[in-house]
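Asks: Questions regarding the structure given below will be posed in turn.
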Amino acid sequence: MEEELIGIIGGTGLGEALAEHIIDAEFYDINTPFGRPSTSIMVGRIGQKRVAFLNRHGKGHRFSPSEVPFAANIFSLKKLGVHTVIGSGAIGSLREEIAPGNLIIVDQFIDKTFKRVNSFYRDFGAVHCEMAQPVCGRVREILIDTAQGIDIKTHLKGTYVCMEGPQFSTRAESLMHQSWGADLIGMTAMPEAKLAREAQMCYVLIALASDYDCWKPQEATKNKQTLLKEIIGNLQVATCNCLELVKAVLAGERKLVCDDCHCRNSLELAVWTDQSQIAMADKEKLKVLFE
Ligand SMILES: [Zn+2]
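So the mapping is simple: the numbering used here equals the position in the sequence shown, first residue as 1, plus 28.
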């Protein structure tokens, strides 16, 4: 039986921290029809599992959220043979009970991005994937069960608003996002989750709370330096927690890759364009995604 290869996309926090935990690492520089990924992909082992690790923001946090080559990132992982992706990213909390340092296993998104390549199929034709359940329910359940077995503060669901940025929200926006029923605000989960679905991959996201979003007035006694130190400290706590959770998931018995998961045939009914109208060259270019 072929060994599982698990894709891990590290955002702010995990992006720098995870690499140190990978052994027998080899680096792959991959080219795709959507350009180059954020950086070379590190393939190695964490415990018994093979992982393909990608630092979303590139070396030295080179890419701002709007500039991250999301399409190239997902395409490269797929090309390497990855079918399951665990993503992570820092967020601001919209809820009192989601405290800085906590983890959240995201179950829903509201996509407010508008400057990013959000589909592989723009030249190909009309391709409409279902997104009602935007993360893989099967792998999410494994994350939830694992999180409940270890002693870290994890919220088992949360709705993530993905904004374009790079500026943070105004207070009016922050209050509006709360009124929408959202729990978290971040800048990187989209279109990553959509592209993973378009690539027929199982995708889950662990969010790391770095601070409260600006709906919550800051204590007037704290100066900017103190606040920044606090945010960095919170992110370090969340990163350690996230590392622990990811390692525990990888060490678990349950299979993270499953050929029968419904994420794995998300294109089955999604292509609306008549096959005769799709250029052979486009079919060839994107065939990795259909495998
Ligand atoms: Zn799945």
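We put the CB at the ideal spot given by N, CA and C, even for glycine.
If you follow the alpha helix (DSSP H) that C270 is part of, which residue opens it and which one closes it?
Replies: First-last of the alpha helix (DSSP H) with C270: K252 to A279.
Asks: Measuring straight from C-alpha to C-alpha, what distance separates V316 and K107?
Replies: Going from the Cα of V316 to the Cα of K107 covers about 6 Å.
Asks: When we look at the beta-carbon of D211 and count the other beta-carbons within 10 Å, is it buried (16 or more) or exposed?
Replies: Buried: at least 16 other Cβ atoms inside 10 Å.
Asks: Based on Cα-Cα distance, which residue from S197, D302 and T267 lies nearest to G129?
Replies: Nearest option by C-alpha distance: T267.
Asks: Kindly indicate which three-state DSSP category I36 falls into: helix, strand or coil?
Replies: Three-state result, I36: strand.
Asks: What are the boundary residues of the beta strand (DSSP E) that includes Q235?
Replies: Checking the displayed sequence, the identity of residue 235 turns out to be Ala instead of Gln. Per DSSP, A235 belongs to the beta strand (DSSP E) from C230 to Y240.
Asks: DSSP on I379, reduced to helix/strand/coil?
Replies: Nothing in the structure corresponds to residue 379, since the chain is present only between 29 and 319.
Asks: Just checking my contact of G280 with T182 at CB under 8 Å: how many whole Å lie between their CB atoms?
Replies: Not confirmed; about 15 Å, so no contact.
Asks: Skipping 5 residues on each side, what residues in its chain have a beta carbon closer than 8 Å to that of L131?
Replies: The residues are A175, I180, K181, T182, H183, I234, A235, L236, A237, A266, N269, C270 and L273.
Asks: Any heavy atom of ligand 1 within a distance shorter than 7 Å of the CB on R64?
Replies: Result no, Cβ not under 7 Å from ligand 1.
Asks: Of the choices K313, I306, T301 and E312, whose alpha-carbon is the least far from that of A154?
Replies: It is T301.
Asks: Between the alpha carbons of I178 and A307, how many angstroms are there, rounded?
Replies: For I178 and A307, the distance between alpha carbons rounds to 51 Å.
Asks: Might you give, ordered along the chain, the residues of its own chain that have their beta carbon closer than 7 Å to the beta carbon of F152, omitting 5 neighbours on each side?
Replies: The residues are I306, D310 and L314.
Asks: Would you say the beta carbon of V145 is closer than 7 Å to some non-hydrogen atom of ligand 1?
Replies: No, the Cβ of V145 stays beyond 7 Å of every heavy atom of ligand 1.
Asks: Using only CA atoms, which one of M70, R84 and H85 lies nearest to M78?
Replies: The amino acid occupying residue 78 in the given sequence is Arg; Met does not appear at that position. The option with the nearest alpha carbon to R78 is M70.
Asks: Helix, strand or coil for K107 per DSSP?
Replies: Helix.
Asks: What are the uninterrupted segments assigned as beta strand (DSSP E) that are 3 or more residues long and contained completely in the region 130 to 210, given in chain order?
Replies: Correct list: 131 to 133, 136 to 139 and 187 to 190.
Asks: Is the CB-CB distance between D139 and C190 below 8 Å?
Replies: Yes, Cβ-Cβ distance for D139 and C190 is below 8 Å.
Asks: From the DSSP secondary-structure annotation, give me the bridge partner or partners of R73.
Replies: R73 pairs with I51 and R78.
Asks: Using C-beta distances below 6 Å, list every residue in its chain close to A160, excluding the 5 sequence neighbours before and after it, in chain order.
Replies: Result list for A160: empty, nothing under 6 Å.
Asks: Straight-line CA distance for G43 to P97?
Replies: Their Cα atoms are separated by approximately 15 Å.
Asks: What does a CB cutoff of less than 6 Å around P162 pick up in its chain, not counting 5 residues either side in sequence?
Replies: F137 and A221, listed in sequence order.
Asks: Quick one: what does DSSP say V285 is sitting in, helix, strand or coil?
Replies: Coil, per DSSP.
Asks: May I ask you to check if the CB of V167 is nearer than 7 Å to at least one heavy atom of ligand 1?
Replies: Yes - ligand 1 has a heavy atom lying nearer than 7 Å to the Cβ of V167.
Asks: Run the CB neighbour count on S104, radius 10 Å, all protein chains shown included, and call it buried at 16 or more, exposed below.
Replies: The residue is buried, with at least 16 neighbouring Cβ atoms inside 10 Å.
Asks: Excluding five sequence neighbours on each side, which residues of the same chain lie with their C-beta closer than 6 Å to the C-beta of A227?
Replies: Excluding sequence neighbours, A227 sits near I102, K106 and L317.
Asks: With N43 as the anchor, note down where its alpha helix (DSSP H) starts and where it stops.
Replies: Rather than Asn, the amino acid found at residue 43 in this sequence is Gly. From DSSP, the alpha helix (DSSP H) with G43 extends over L42 to A45.
Asks: By alpha-carbon positions, which one of I58, G72 and E32 ends up nearest to I50?
Replies: Closest by alpha carbon: G72.
Asks: Give me the Cβ distance between S66 and R84, rounded to the nearest whole Å; I'm assuming they're in contact under 8 Å.
Replies: Between R84 and S66 the Cβ distance is about 6 Å, and since that is below 8 Å, they are a contact.
Asks: Within the present structure, is the beta-carbon of C289 separated from the nearest heavy atom of ligand 1 by less than 7 Å?
Replies: Within the cutoff, so yes.
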